[in-house]
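Numbering-wise, the sequence shown is residues 1 to 434 according to this note's numbering.
Note that CB positions come from ideal geometry on N, CA and C, so glycine has one too.
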Amino acid sequence: MEQLLIAGFLIAALFALFAAGLWIGLGLLSCGWIAMAVFTSRPVGDAMVTTIWGSASSWTLTALPMFIWMGEILFRTKLSEDMFRGLAPWMTRIPGRLLHTNVIGCTIFAAVSGSSAATCATIGKMTIPELRARNYPEDMIIGTLAGAGTLGLLIPPSLIMIVYGVAADVSIAKLFIAGVIPGILLAGLFMGYIIIWAWLNPNKVPQPTETLSFGQKLWASRHLLPTVSLIVAVLGSIYVGLATATEAAGLGVVGALIVAWTQGSLNRQTFLDSLMGATRLSCMIALILSGAAFLTLAMGFTGLPRHLADWIDQLGLSAGALIVVLMVFYIILGCFLDGISMVVLTMAVVLPMIERLGIDLVWFGIFIVLVVEMAQITPPVGFNLFVLQGMTGHQITYIAKVAFPLFLLMCVAVALMVFFPGLATWLPTQMIGQ
Numbered sequence: 001m002e003q004l005l006i007a008g009f010l011i012a013a014l015f016a017l018f019a020a021g022l023w024i025g026l027g028l029l030s031c032g033w034i035a036m037a038v039f040t041s042r043p044v045g046d047a048m049v050t051t052i053w054g055s056a057s058s059w060t061l062t063a064l065p066m067f068i069w070m071g072e073i074l075f076r077t078k079l080s081e082d083m084f085r086g087l088a089p090w091m092t093r094i095p096g097r098l099l100h101t102n103v104i105g106c107t108i109f110a111a112v113s114g115s116s117a118a119t120c121a122t123i124g125k126m127t128i129p130e131l132r133a134r135n136y137p138e139d140m141i142i143g144t145l146a147g148a149g150t151l152g153l154l155i156p157p158s159l160i161m162i163v164y165g166v167a168a169d170v171s172i173a174k175l176f177i178a179g180v181i182p183g184i185l186l187a188g189l190f191m192g193y194i195i196i197w198a199w200l201n202p203n204k205v206p207q208p209t210e211t212l213s214f215g216q217k218l219w220a221s222r223h224l225l226p227t228v229s230l231i232v233a234v235l236g237s238i239y240v241g242l243a244t245a246t247e248a249a250g251l252g253v254v255g256a257l258i259v260a261w262t263q264g265s266l267n268r269q270t271f272l273d274s275l276m277g278a279t280r281l282s283c284m285i286a287l288i289l290s291g292a293a294f295l296t297l298a299m300g301f302t303g304l305p306r307h308l309a310d311w312i313d314q315l316g317l318s319a320g321a322l323i324v325v326l327m328v329f330y331i332i333l334g335c336f337l338d339g340i341s342m343v344v345l346t347m348a349v350v351l352p353m354i355e356r357l358g359i360d361l362v363w364f365g366i367f368i369v370l371v372v373e374m375a376q377i378t379p380p381v382g383f384n385l386f387v388l389q390g391m392t393g394h395q396i397t398y399i400a401k402v403a404f405p406l407f408l409l410m411c412v413a414v415a416l417m418v419f420f421p422g423l424a425t426w427l428p429t430q431m432i433g434q
């Protein structure tokens, strides 16, 4: 009973701090300070300094700002325009035609971005005007882009995977490899949805404006070479064991600069803008991680995670039942917090339960990413909804409504992951081993 009261008090304090407008990272630090000062006899100052320094100086975490910078550089290039030119000729014979450029474009760009919002914005700034000009239905343009943009979190390199790997002490390389098959599966589900919709609504799909020969399609595909080359360099170096995630991130930045330079997009202003954009986002994430690390320590001293894990044990929940409960919990939490905050805020409590039930931590990392993806298109705090609202002028409620079928497909992907865990665990064991 005492532990329940402590948990209730800390949750109320945390949401009160957030409601007051305090930054998430500072709110987590403040809640951790309250927990240690009120409910333990441990000295707060030394523990806070040591924990913040330890969380911020992790070598593994250095991959994060590098991948963010790579995405910021590519966001300011003509990459989306080139990708549309390279993909569009191949889509004319598939039911749904150019709508598939949203999904395939996001899938490809996700492999060099790591950010859901950046993926959605980069692909959307090219496909939305092009698809509108060709009279594709607005609801399908926006809905498929909102859903496919979330692939930026699942297909490696992923910022959420790096954050989870640091928080759960799991190999980031394994997480990256584990995300490949689920990412392709989810993209396939999205494309399947477009195909079924096109079969049911043949009159809503515009006819192709031009017919190209096979040779002309191959020639148009040259526009995809910069992106494909960067994907091979970054992810290939990790998969074959030539580079760690951090080293591959550095390679990605160099490759992104080369791509921007060859396209004529690299100048002093774009370089500084990309650097400052990456710095701001990296500092925000570092502050959140530091606050979460200290809150985790404070909760450990209060004994809350251990007591909660014991309570879950007493309930006798199976692994499957716990996964269902956690999926609902994270979807609800995603209505109020961004993905990174969700992960770092809950790991201290959730991981002991997961480990006690023997759930594979690599599999659970991919599960977390999938449910965080759902949160990207759930109002009121769905980042992809904000991005598309700014790009299209539609209300968030409209965007959420047209993206709802894609949300349901993500639920299907989670169910497939639960019934076939090898979707996430097979590839890492084949390429890296246990």
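Query - Y136 - DSSP class collapsed to helix/strand/coil - result: Here the question's residue 136 lines up with position 136 in the sequence shown. Here Y136 sits in coil by DSSP.
Discussion item. With three or more beta-carbon pairs closer than 8 Å as the criterion, would you say the segment 368–386 touches the segment 149–167?
Written reply: yes
Is there contact between the segment 46–53 and the segment 24–38, where contact requires at least three CB pairs shorter than 8 Å? yes
query: DSSP on H394, reduced to helix/strand/coil?
result: For this step, residue 394 is matched to residue 394 along the sequence shown. Correct three-state label for H394: coil.
Discussion item. Using only the alpha-carbon positions, how far apart do L79 and L357 sit?
Written reply: As a working note, residue 79 is residue 79 in the sequence shown. As a working note, residue 357 is residue 357 in the sequence shown. Cα-Cα distance, rounded: 45 Å.
Once DSSP output is grouped into helix, strand and coil, what is the label at W90? Numbered from 1 along the sequence shown, position 90 holds the residue referred to as residue 90. In the structure shown, W90 sits in a helix (DSSP, three-state: H, G or I).
Item to complete: Could you check which residue in M299, I142, S274 and P157 has the C-alpha nearest to that of G390?
Response: Position 390 of the sequence shown, counted from the start, is the residue given in the question as residue 390. The residue with the shortest Cα to Cα distance from G390 is I142.
* Is P202 helix, strand or coil when you go by DSSP? -> Reading the sequence shown from its first residue, position 202 is the one you call residue 202. P202 carries a helical assignment under DSSP once its states are collapsed to helix, strand and coil.
Measuring straight from C-alpha to C-alpha, what distance separates V112 and V414? Within the sequence shown, the letter at position 112 stands for residue 112. Within the sequence shown, the letter at position 414 stands for residue 414. Approximately 24 Å between the Cα atoms of the pair.
Nonlocal neighbours in the same chain, by C-beta distance under 6 Å from L361, ignoring five residues either side: Stepping through the sequence shown from its first residue, residue 361 is reached at position 361. Taken in chain order, the residues that qualify are A168 and V170.
| query | Can you tell me whether DSSP reads V240 as helix, strand or coil? | reply | For the purposes of this step, residue 240 is taken as the residue at position 240 of the sequence shown. Coil, per DSSP.
Backbone secondary structure at S318 - three-state DSSP | Along the sequence shown, read from residue 1 onward, the residue named residue 318 stands at position 318. Reduced to three states, the DSSP call for S318 is coil.
Quick check: the segment 63–81 against the segment 274–283, are at least 3 beta-carbon pairs closer than 8 Å?
yes
* Is the segment 420–428 touching the segment 156–163, taking contact as three or more C-beta pairs under 8 Å? -> no
- Item | Segment limits, alpha helix (DSSP H) that includes G27 | On the sequence shown, position 27 is the one that residue 27 refers to. Taken as a continuous stretch (DSSP letters only), the alpha helix (DSSP H) holding G27 covers I24 to F39.
Give me the Cβ distance between I177 and Y239, rounded to the nearest whole Å; I'm assuming they're in contact under 8 Å.
What you label residue 177 is simply residue 177 of the sequence shown in a count that begins at 1. What you label residue 239 is simply residue 239 of the sequence shown in a count that begins at 1. Right, their Cβ atoms sit about 6 Å apart.
Identity of the residue in G215, L251, G300 and G183 nearest L409 by Cα
Residue mapping note: residue 409 aligns to position 409 of the sequence shown, counting from 1. The residue with the shortest Cα to Cα distance from L409 is G183.
- Query: So, L64 versus G291, is the Cβ gap smaller than 7 Å?
  - Reply: The count along the sequence shown starts at 1 and reaches residue 64 at position 64. The count along the sequence shown starts at 1 and reaches residue 291 at position 291. Not closer than 7 Å, so no.
field: Ranges of the alpha helix (DSSP H) found wholly within the segment 334–361, counting only runs of at least 4
entry: At a cut-off of 4 residues, the continuous stretches assigned as alpha helix (DSSP H) that sit fully inside the segment 334–361 are 339–356.
Comparing C-alpha positions only, which one of I340, R132, V344 and T62 sits nearest to F383? Here residue 383 corresponds to residue number 383 of the sequence shown, with the count starting at 1. Among I340, R132, V344 and T62, the Cα nearest to that of F383 belongs to I340.
Check your understanding: Would you say the segment 389–407 touches the segment 203–212, given that touching needs at least three Cβ pairs under 8 Å?
Key -> no
- [ ] Would you mind sorting V232 into buried or exposed? The rule is 16 or more other CB atoms within 10 Å of its CB.
- [x] Against the sequence shown, residue 232 aligns to sequence position 232. It is exposed - the Cβ of V232 has fewer than 16 other Cβ atoms within 10 Å.
Practice item. Assuming L186 contacts L154 (C-beta within less than 8 Å), just tell me the rounded distance between them. Key: Looking up residue 186 in the sequence shown gives position 186. Looking up residue 154 in the sequence shown gives position 154. Going by Cβ atoms, the distance from L186 to L154 rounds to 6 Å, so yes, they are a contact pair.
- Task: May I ask which residues mark the beginning and end of the alpha helix (DSSP H) holding F214?
- Result: Residue 214 sits at position 214 when you count from the first residue of the sequence shown. Run containing F214: F214 to A220, per the alpha helix (DSSP H) assignment.
How is R42 classed by DSSP in three states: helix, strand or coil?
Here the question's residue 42 lines up with position 42 in the sequence shown. It is coil, neither helix nor strand.
Quiz item: When the Cα atoms are used, what is the spatial distance from R42 to F364?
Solution: Indexing the sequence shown from 1 puts residue 42 at position 42. Indexing the sequence shown from 1 puts residue 364 at position 364. About 32 Å.
message = Restricting to Cα atoms, I'd like to know which of L333, S229 and I195 is closest to I108.
response = As a working note, residue 108 is residue 108 in the sequence shown. Of L333, S229 and I195, the residue nearest in Cα terms is S229.
Subject >> Proximity winner among L322, A133, R132 and N102, relative to T119 (alpha-carbon distances) >> reply: Translated into positions along the sequence shown, residue 119 becomes position 119. The candidate whose alpha carbon is nearest that of T119 is N102.
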